[in-house]
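Novice: Those letters in the sequence shown? Residues 361 to 419, by my numbering.
Beta carbons: idealized from backbone N, C-alpha and C, even for Gly.
Sending over a structure as structure tokens; questions will come in a sec.
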Amino acid sequence: MEFVDDEEKLAVERLNEYIEKAQIATSGKAKINIIGYQVARYEQINKERTYILVEEVID
361 MEFVDDEEKL AVERLNEYIE KAQIATSGKA KINIIGYQVA RYEQINKERT YILVEEVID
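Structure (structure tokens):
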């Protein structure tokens with residue numbers, strides 16, 4: 361799964377919401393591993409965008 365910044369929410373906010381929902385849905389058995397993280401700067405629009413790549417593991 362990939363979480364990306366947009367005009368509405370930051371990638372980290374989306375990831376935190378997903379973790380909360382996954383913990384509730386699996387009765388606390390879900391584990392989220394962050395595989396990659398990147399901040400890209402777009403000069404033409406003068407903005408940064410964060411990308412977070414994760415995997416979910418359920419015991």
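How close, in whole Å, do the beta carbons of alanine 371 and tyrosine 411 come, if the pair is a contact with beta carbons under 8 Å?
Specialist: Indeed, because the Cβ distance is near 7 Å, the residues count as touching under 8 Å.
Novice: Taking only three categories from DSSP, how would you classify leucine 370?
Specialist: In this structure, leucine 370 counts as coil in the three-state DSSP scheme.
Novice: Check whether the Cβ of isoleucine 412 lies closer than 9 Å to any Cβ atom in chain D.
Specialist: Given the protein chain composition of this structure (a single chain), no chain D is represented.
Novice: Measure the CB-CB distance between isoleucine 392 and isoleucine 379 and report whether it falls below 9 Å.
Specialist: Contact flag set, yes.
Novice: Please classify aspartate 365: is it buried, with 16 or more other beta-carbons within 10 angstroms of its beta-carbon, or exposed?
Specialist: By the neighbour-count rule (16 or more Cβ atoms within 10 Å), aspartate 365 is buried.
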